[in-house]
Every structure is written in C-alpha cells, then in structure tokens.
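Heads up: the structure comes next, in structure tokens.
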Amino acid sequence: MKATIAEVKNYVGREVTIGAWLANKRSSGKIQFLELRDGTGYIQGVILKNEVSEKDWEEARELTQESSLYVTGTVREDKRAPSGFELTVSSVEPIQIANDYPITPKEHGVEFLMDHRHLWLRSSRQHAILRIRNMVIKATYDFFNDHGFIKVDPPILTGSSAEGTTDLFHTKYFDRDAYLSQSGQLYMEAAAMAFGKVFSFGPAFRAEKSKTRRHLIEFWMIEPEMAFVDHEENLKVQENYVAYIVQEVLKNCQPELKTIGRDTSKLEKIKAPFPRITYDQAIEFLKEQGFDDIEWGDDFGSPHETAIAERFEVPVFVTEYPTEVKAFYMKPVPGREEVVLCADLLAPEGYGEIIGGSQRIDDLELMEERYRQFHLTDPSYEWYLELRKYGSVPHSGFGLGLERAIAWICGLEHIREAIPFPRLLNRIYP
Ligand code: 4AD
Ligand code: MG
C-alpha cells in the first residue's frame, strides 16, 4: 500500500510504502534510524540488522542526506515520536543517492541559503512558513467566497499604471510598450461594476529601488473591490478579513507555528474591530514622540509606521492621508479636499503596512480633473474614465500584500522567507 507520511495514521499495524527523502540518519551498531520526509511530514524509520536482508541493510547504510528512496515498513504508534508514529522498516529501495548536499545541519549565512533557495525550501522552517502561506491563501478564498465575492483575474500585462509611473517594469508588447501590473485595481473596479463584489489574487511588480526587510520586487496581492460600499464599510471588511486569516492560521497551523517558534499569544489577540487614528493624529503623535523629521503632508517611512503601530497590540488603521501623497483615484473627504478617504493598515510588532485601501472617486468631473493633474493623457486610460460615465456608483476596495501579512503572522525577520522564490533588488536567482 502506497501512503504519504500524513496518511500513516490510517495504517497502524499495516505495511506501507512511502516515497521519501532522507533528512537525517543515525546508527548504532545493529540499528539505523532514518529521519524521513516526504513534504507531508516527518517520520522515523527504524531498521534492525537482524530483520532485513543484507542488501537492504547495506543500501540503507549508503543513503546520504537528501537521497531519495521508497521505504517499506510497518506503521507503529509511538507516543514519544514527534509525529506519533514510527516505521519498522522491512525494505528500502534507493531511487537516487545525493552527493554532498550543500545545506547541512550546521548554520549557514543568509546569502548562501538564498543562493540555494531551491534546496532551502526543503528545510522544516521554510516548509512551515510556506504551509502557513498556503493556509492564508485558502482562508482568503474561503472568506471572500463566503461573503458573496466573485474571483476575477485582472491582466498582468497592462498599458497603464495604477500606482504611479516611477516604479513600473517596462517590457515590449510586440512593437508597442507594456508594463507589468503594479496592481489590478483599475480592472477590479470595472469588474465590481459588473459583479458587485469581486476579489483578485495575483502577482504585482514594483521596480522599487528599496532594499528593506519589507520590500519585494515581485509580490502577491489580494485585491477586493466592492460597489455600493463606502470608506467606513471598507474598513469593516478589512478588519474582519485580517482577523479571519489570523484565526484560521491559529486553528489549523499549530505545528507549523511551533516549528518556527512564533509567539502565538500575540496572534490570539488579533480580533476585530481594529483601532483607527487619522493621519493628523498620527503626525501629532509622532511630533510628541520627538520625530522632528516629519511634517504634515509627508508620507510615513518605516520608523514612523513602527512608532505608530507600537502603541497597539492589533493592527491599526491610519486614515485620511493627504491627497498629495496618495494615488490619483482616491475620493477626497467631503469638505476637506486636502485629505482622502483612505486607510493604510499597519501591522503590530513593526511589520508595517499590510493593506492600502480607499474609497474611489466616482464623480466623472472630478476624475477628469485628476486626469489633467496627473497627465493621464495616454489612450490606455480611456476605459477607466468610462466607468464614471455609465452608472457610476460609490465603491471602495483595498490591497493586502500577502508576503507582508505572512511576515507578520510568522514573525519573520525579513520578507524574503515569505515567498518561495523572492525577487529582491539584487536577486533574481534561483
Ligand atoms: O498600498 P499599495 O501600493 O496599494 C495598491 O496597490 C492599491 N491599488 C490596492 C487597492 O486598493 N486595490 O499596495 C497594497 C499592499 C501594501 O499595503 C503592501 O502590503 C503591499 O501591497 N506591497 C508590497 N509588498 C511587498 N513588497 C512591495 N514592494 C510592496 N508594495 C506594496
Ligand atoms: Mg500603500
């Protein structure tokens, strides 16, 4: 019977064959202990010299770290084993013997590990982080599907920019110019006018020359967009969504959280509603804290965001930023044109902005004015303006940066571990 390590619990007392890699090995005289992994978990295989053929014994002895094999044995319950089960091996069938696996149990430098990211993914820590990532993705689909959203996929190759032109990746589209998507938002607004409530999940590209713990060049974003939803209602969706993904990780990923040593008491506090402060209040607070490098009208840097977020144990919304520092499509606060109906959600523990969102301009004339101010003269923006001509409605949306959220939930020092193959300022290998 073929089984995965996760499935052995169903086969206690029976013989199974598992396709696996050798994570580690110990032996003492007439007994060998194989630490096996297959991607679903770990199990120890015990080989007794007297109970297997000479050939199997010798083949097991030749197995090196990360060699691949089929191993057959009887599943035994073992309360002391981390997985709760052990395999009494009756035969081994090596598939390929690995030579000099570069990642040994000793400590390696980060650059070395990043150069071997294709292999580093096999380590239990990376494995746990990426399983948590998978849980966040699953919880995202569940949350939005359960709340009446339709998933719509915006294009990756685009003719226009959503978030400003400074960090666009340029490419050729046959004999024309194109850009890699920075955000699917403009298309999601069109989709919201067709379906009401929509969400997307896809890659975003930013040619940002920032080398920080929080920036990726290629990251994944979840972008919900909702017709007939205002700024205040938008924030409610965000806090419920973020609280939900954290609670789902807590519910379903305890072994993974333990593997990475996450302090889960911090995550248990993540429940909606989240506190809100206005940009004005945030500026005042920063000044009181002695930040004299910031004036009303400036955007926040990470030290500012960290100082603001440190006051809270849950994420905090900073609302109503100056119009000047935000994107062209944000709706001004009625009666106070210098600020917009937007919010950034700042994660606790210094993880910075995990969500950017806003109510969008729905008025045609104001949007035309913004087009003039932002020089959006390219014909590739025409269709977006038409959304304000044909049944324009109040609408809002947001974008959650998946890796920022993972970095926070997992308590990672650097965002690079939150994605299988990070693209960083100086890295596109492997
Ligand atoms: O705040 P941003 O730029 O907002 C937008 O793109 C909107 N169009 C979203 C929307 O309203 N539909 O990006 C959204 C989020 C940020 O809050 C951050 O979490 C993440 O995307 N993000 C990055 N994550 C990793 N590396 C980068 N370089 C990121 N830039 C933004
Ligand atoms: Mg932002």
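No gaps in the numbering here: position 249 of the sequence shown is 292 in my numbering, and each next residue is one more.
For each residue, glycine too, the CB sits at the ideal point set by N, CA and C.
Exercise. What are the uninterrupted segments assigned as beta strand (DSSP E) that are 3 or more residues long and contained completely in the region 333 to 366, given in chain order?
Worked result: 359 to 362
Problem set entry | Distance CB(Ser204)-CB(Gln225) smaller than 8 Å | yes
Problem set entry | Environment of Tyr216 [buried if 16+ CB atoms lie within 10 Å] | exposed
Exercise. Hey, quick one: how far does the alpha helix (DSSP H) through Ala171 stretch, first residue to last?
Worked result: 167 to 189
Exercise. Cβ of Phe441 within 7 Å of any heavy atom in the ligand 4AD?
Worked result: yes
For this session: Report yes or no: do three or more beta-carbon pairs, one from the region 401 to 413 and one from the region 363 to 374, lie closer than 8 Å?
Result: yes
Exercise. Got a sec: does the ligand 4AD put a non-hydrogen atom nearer than 7 Å to the Cβ of Phe192?
Worked result: no
Problem set entry | Proximity test, Asp387 beta-carbon vs the ligand COA heavy atom, cut-off 7 Å | Judged by which ligands are present, the ligand COA is missing from the structure shown, whose ligands are the ligand 4AD and the ligand MG.
For this session: Pick helix, strand or coil for Tyr433, following the three-state DSSP scheme.
Result: coil
Exercise. What did DSSP end up calling Arg470 once you bin it into helix, strand or coil?
Worked result: strand
Exercise. Say the cut is 7 Å; is the CB of Glu396 nearer than that to a heavy atom of the ligand MG?
Worked result: yes
For this session: Enumerate in chain order the residues of its own chain whose CB-to-CB distance from His347 is below 7 Å, with the five nearest sequence positions on each side excluded.
Result: Leu329, Phe334, Ile337
Exercise. Would you report the Cα separation of Ser166 and Gln108, rounded to the nearest angstrom?
Worked result: 12 Å
For this session: May I have the straight-line CA-CA distance separating Met264 from Gly245, to the nearest angstrom?
Result: 6 Å
Exercise. CB of Gly207 to nearest heavy atom of the ligand MG: below 7 Å?
Worked result: no
Exercise. Going by C-alpha distance, which of Gly127, Gly62, Glu136 is nearest Val95?
Worked result: Glu136
For this session: Can you grab the Cα-Cα spacing for the pair Glu97 / Lys252, in whole Å?
Result: 60 Å
For this session: Have a look at the DSSP bridge pairing and note the partners of Phe217.
Result: Answer is none; Phe217 lacks a bridge partner.
Problem set entry | Close beta carbons around Leu468, own chain, < 6 Å, minus the five adjacent residues each side | Lys254
Exercise. So the alpha helix (DSSP H) Glu275 belongs to, where does it begin and stop?
Worked result: 274 to 295
Problem set entry | Nearest candidate by alpha-carbon position, reference Tyr284, set Ser134, Pro358, Arg319 | Pro358
For this session: Write down every uninterrupted run of the alpha helix (DSSP H) in the region 382 to 417 whose length is 4 residues or greater and which is fully enclosed by it, in chain order.
Result: 407 to 416
Exercise. Going by C-alpha distance, which of Arg249, Phe192, Ala234, Asp189 is nearest Phe212?
Worked result: Arg249
For this session: In angstroms with no decimal places, state the Cα-to-Cα distance between Glu105 and Tyr472.
Result: 32 Å
For this session: May I ask you to report which of helix, strand or coil DSSP gives His438?
Result: strand
Problem set entry | Beta-bridge partners of Met269, as assigned by DSSP | Lys240, Ser439
Exercise. Between the region 270 to 286 and the region 311 to 320, do at least 3 Cβ pairs fall closer than 8 Å?
Worked result: yes
Problem set entry | Start-end ranges of the beta strand (DSSP E) lying completely within the region 67 to 129, minimum 3 residues | 74 to 80, 85 to 91, 111 to 120
Problem set entry | Residue interval of the beta strand (DSSP E) (run including Ile320) | 319 to 321
Exercise. Is Ala49 buried or exposed, if buried means 16 or more other CB atoms sit within 10 Å of its CB?
Worked result: exposed
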